[in-house]
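Trainee: Residue numbers (our numbering): 7 to 142. Just so you know, even glycine gets a beta-carbon here, dropped at the ideal spot from N, CA and C.
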Amino acid sequence: MRKKFSIPKRGEAWILKSLEKKWKDYKCDLKAEYAQKYKTKDTLLKNRPSRIPRDQGSGLVSYWLSDKAKRRTQANRNNRAKQMRPHKGGFKSIATLMNELAVNGIEPTRAEIFLLTHKNVRMVGHWMMILSRRSK
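(1) CA-CA distance, residue 85 and residue 14?
(2) I'd like to know whether the C-beta atoms of residue 41 and residue 70 end up nearer to each other than 8 Å.
(3) Can you tell me whether DSSP reads residue 119 as helix, strand or coil?
(4) From residue 20 to residue 99, what does the alpha carbon distance come to, in whole angstroms?
(5) Only counting the same chain, and skipping five residues up and downstream in sequence, which positions put a Cβ closer than 7 Å to that of residue 30?
(6) So what's residue 21 in DSSP terms, helix, strand or just coil?
(7) My parser needs the alpha helix (DSSP H) runs of 4 or more residues fully inside the segment 56-87; what are they?
(8) Let's test the definition: count the other Cβ atoms within 10 Å of the Cβ of residue 96 and tell me whether it reaches 16, buried, or not, exposed.
If you want it as structure tokens, here you go:
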């Protein structure tokens with residue numbers, strides 16, 4: 007990466023993390039689009055996007071169809087189904103949310119942030135009202 011781009015040392019970790027997430031999301035989108043339509047390795051490889059070389063596509067398809075990947079997929083499905091309070095905080099980080107909700111320089115507690123990010127979206131107005139009362 008350094009041979010192609012001039013990246014400051016302090017931004018390198020963020021860029022790598024960002025690329026990692028984008029690559030993971032890309033593979034997830036590919037699997038959602040192709041693995042549902044085509045069930046066998048041959049049909050998946052034959053119908054792969056033209057931008058993916060056959061040798062790389064072969065490795066990815068082999069992984070998708072492996073027992074290890076199927077076990078991991080099933081475990082992830084089971085874990086998501088067990089979640090009683092899914093996160094509804096949106097794209098903002100907790101730090102940004104805390105900063106925005108700070109009243110007179112006092113940030114909301116972790117419990118208040120949890121309630122804001124894990125409750126039904128309709129309840130956000132209610133919790134915002136409670137947080138505003140703290141400043142009085």
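Mentor: On the basis of the data shown:
(1) Against the sequence shown, residue 85 aligns to sequence position 79. Against the sequence shown, residue 14 aligns to sequence position 8. Here the C-alpha atom of residue 85 lies approximately 39 Å from the C-alpha atom of residue 14.
(2) On the sequence shown, residue 41 is found 35 positions in, with the first residue counted as 1. On the sequence shown, residue 70 is found 64 positions in, with the first residue counted as 1. Yes.
(3) Within the sequence shown, the letter at position 113 stands for residue 119. In the structure shown, residue 119 sits in a helix (DSSP, three-state: H, G or I).
(4) The residue labelled residue 20 in the question sits at position 14 within the sequence shown. The residue labelled residue 99 in the question sits at position 93 within the sequence shown. Spanning the two alpha carbons is a distance of roughly 14 Å.
(5) Sequence index remark: in the sequence shown, residue 30 carries index 24 (1-based). For residue 30, where only same-chain residues beyond five positions count, there are no Cβ hits under 7 Å.
(6) Along the sequence shown, one-based indexing puts residue 21 at 15. Taken through DSSP and simplified to helix, strand or coil, residue 21 comes out as helix.
(7) Given a length threshold of 4 residues, each whole run of the alpha helix (DSSP H) inside the segment 56-87 is given here in chain order: 60-71.
(8) In the sequence shown, counting from the first residue as 1, residue 96 sits at position 90. Residue 96 should be labelled exposed.
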